[in-house]
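If you read the sequence shown in UniProt numbering, its first letter stands for residue 1, the second for the next number, and so on.
Before any comments, here is the structure.
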Amino acid sequence: MSELNKDVVDLVWGRPSSGVSVSIFRRWAQGFVFSESELTALEQFEGGPCAVIAPVQAFLLKNVLFSRESSNWRQMSEEEQKMALCSTLSEILESVCSSTSTGFCLVTWAKGQSPHTSTQTITQAQSQTQDMPEPASSQPPQEQQPTALAAEELGFEQFHSVLHKRTVMSVAHLREEVLSLYHTWRGCCGVLLFLYSVILTKGIENIRNEIQDTMEPLIDPVHGHGSQSLVNLLITGHAVSNVWDGDRECSGMKLQGIHKQACVGFLTLMESLRYCKVGAFLKSPKFPIWILGSETHLSVFFTKEMSLVGPESPSEQARRVFQSFDPEDNGFIPESLLEDVMKALDLVSEPEYVTLVKSKLDPENLGIILLGPFLLEFFPDQDSGIPDSFPVYHYNGLKQSNHKERVRHSGFSR
């Protein structure tokens with residue numbers, strides 16, 4: 001597969017017996033395209049690539065909302081869009097890089113092998129009577145690669161046969177190169193080119209060491225959706241399969257989770273159905289932007305209200321520590337663990353005092369300590385400082401999920 005290691009393809013797509021379906025590949029073969037109706041929103045043409053597009057959108061919003069001087073965050077010139085997208089892609093690549101000594105990998109088209117070049121060759125072979133597209137060299141740079149879905153003729157095998165990878169060794173050089181490839185990211189298969197760049201920059205073995213089930217591909221070859229490991233990789237720089245805080249042990253097996261506060265967060269409907277537990281590091285990110293996961297899609301919820309993500313309060317820390325001793329999310333711990341929780345929170349933990357607290361929090365001698373009474377005992381009446389009302393917004397990149405198929409941020413006041 002040209003210069004691309006076959007291991008990358010196996011990691012992303014797995015090894016389906018019948019190969020990756022044409023429809024699944026084409027759903028992923030789009031570029032990063034801005035909506036004409038919302039200048040800070042990326043469009044998603046079909047289901048599947050939201051696992052990459054939504055995290056990129058979340059980081060792009062972070063940069064637009066909190067790094068630009070302009071107060072009108074919904075207005076951007078074409079040049080500002082270019083800078084915002086490229087700085088976002090660079091930021092994610094920097095976050096996944098395990099060591100700058102190994103450099104950053106960028107996956108692009110091999111020289112002279114853009115989709116237009118390949119499409120033209122195939123069209124010639126199919127029919128001498130069809131109108132021929134202009135040679136790629138005669139087209140303006142911004143038109144050399146389409147910004148919609150992949151050309152019909154560009155199949156899975158052909159795509160992987162015309163790829164080229166290059167390595168840059170410094171952050172400054174990385175940012176320059178990513179900027180120079182702006183039209184590549186926007187064009188045919190730009191999402192996949194970026195995904196492969198992320199994987200090679202992170203390192204295949206590093207990803208496999210973090211994924212819980214190494215047989216599970218990053219993209220489901222049957223349904224086309226991205227895995228939680230892929231989403232976590234883009235959000236946190238680590239391809240762990242779980243969303244809880246820290247590591248857990250189950251039957252002697254280490255299950256890796258999230259180890260530090262993320263820049264943007266993650267929330268999921270699956271938690272309300274008790275399929276998983278999202279930890280504080282994803283629920284309380286550095287910026288008030290959250291990727292929302294449903295059964296089949298990812299969207300983004302965001303606001304400019306920074307009080308939502310202020311420094312972790314003592315009560316929030318206590319909740320997180322308490323829940324680390326309650327891995328099944330029962331809302332209580334055995335009273336035998338109370339002393340350990342109090343020590344972890346640097347509370348007074350002399351045996352006599354712990355016994356007194358036990359009698360107060362478990363007056364009926366049930367042998368359990370409930371989370372609510374524990375927080376009220378040690379952290380009562382803490383004011384969050386969050387205003388009663390503030391504007392919030394929701395992004396859904398799928399055109400068909402938006403009014404008149406115009407991708408826009410829907411806003412309302414909380």
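We put the beta carbon where it would ideally sit given N, CA and C, even for glycine.
- Assigned with DSSP and collapsed to three states, Met253 falls in strand.
- Annotation note: the UniProt domain "EF-hand" (313 to 348) contains the following uninterrupted beta strand (DSSP E) runs of length 3 or greater, listed N- to C-terminal: 332 to 334.
- Restricting attention to Val392, Ser284, Thr100, the CA atom closest to the CA of Ser170 is found in Thr100.
- Ranking Phe374, Pro351, Leu347, Gln400 by CA distance to the CA of Lys360 puts Phe374 first.
- If you look at Pro351, you'll find it in the alpha helix (DSSP H) that goes 351 to 361.
- In this structure, Phe194 and Val52 form a Cβ contact; the two beta carbons are roughly 7 angstroms apart against a cut-off of 8 angstroms.
- Under the three-state reduction of DSSP output, Val198 falls in the helix class.
- Inclusion of Val300 and His225 in the CB contact set at 9 angstroms is not warranted, their separation being larger than that value.
- In this structure Arg186 is buried. Its beta-carbon is surrounded by 16 or more other beta-carbon atoms within 10 angstroms.
- Annotated three-state conformation of Arg68 is coil, per DSSP.
- The beta carbon of Gln75 sits closer than 7 angstroms to the beta carbons of Leu39 from its chain, once the five residues preceding and following it are set aside; these are given in chain order.
- A residue is called buried when at least 16 other Cβ atoms come within 10 angstroms of its Cβ; Ser229 meets this threshold and is buried.
- Measuring C-alpha to C-alpha distances from Ser313 to each of Leu292, Glu295, Ala280 identifies Ala280 as the nearest.
- In terms of CA proximity to Asp329, Arg319 leads the group Phe266, Ile291, Val264, Arg319.
- Between Asn232 and His238, the gap from beta carbon to beta carbon is short of 9 angstroms.
- Residue state for Thr214 is assigned as coil, using DSSP reduced to three classes.
- Taking the Cα positions, Val309 is about 30 angstroms away from Val191.
- Going by beta carbons, Leu273 and Lys283 fall outside the 9 angstroms limit.
- If the five residues before and after Gln57 are omitted, its C-beta is found closer than 8 angstroms to the C-beta atoms of Ala41, Leu42, Val300, Tyr395, Gly397, all from its own chain and listed in chain order.
- The continuous stretches of alpha helix (DSSP H) do not include Arg15, and DSSP gives it neither H nor E.
- In this chain, the alpha helix (DSSP H) harbouring Val171 covers 171 to 180.
- Selection Leu337, Arg248, Cys188, Arg406 evaluated against Arg26 yields Cys188 as nearest (Cα-Cα).
- Between Cys263 and Phe302, the gap from beta carbon to beta carbon reaches 9 angstroms or more.
- Taking one beta carbon from each stretch, the region 164 to 184 and the region 60 to 80 have fewer than 3 pairs nearer than 8 angstroms; the two do not touch.
- Asn5 counts as exposed, since fewer than 16 other beta carbons sit within 10 angstroms of its beta carbon.
- Note that the region 104 to 112 touches the region 165 to 180; at least 3 beta-carbon pairs, one per stretch, sit closer than 8 angstroms.
- For the 9 angstroms CB-CB criterion, Pro55 and Leu292 do not form a contact.
- Per DSSP, reduced to three states, the secondary structure at Val107 is strand.
- Taking a C-beta distance under 9 angstroms as the contact criterion, Leu61 and Ile386 do not qualify as a contact pair.
- Taking a 10 Å sphere around the C-beta of Lys343, we find fewer than 16 other C-beta atoms and assign the residue as exposed.
- Your pair His297 and Cys50 checks out as a contact, with CB atoms roughly 6 angstroms apart and the cut at 8 angstroms.
- Under the DSSP definition of a beta bridge, Gln44 partners with Leu398.
- In the structure shown, Trp290 falls within a strand segment according to DSSP collapsed to helix, strand and coil.
- Leu347 is positioned such that its CB atom lies no closer than 9 angstroms to that of Ile369.
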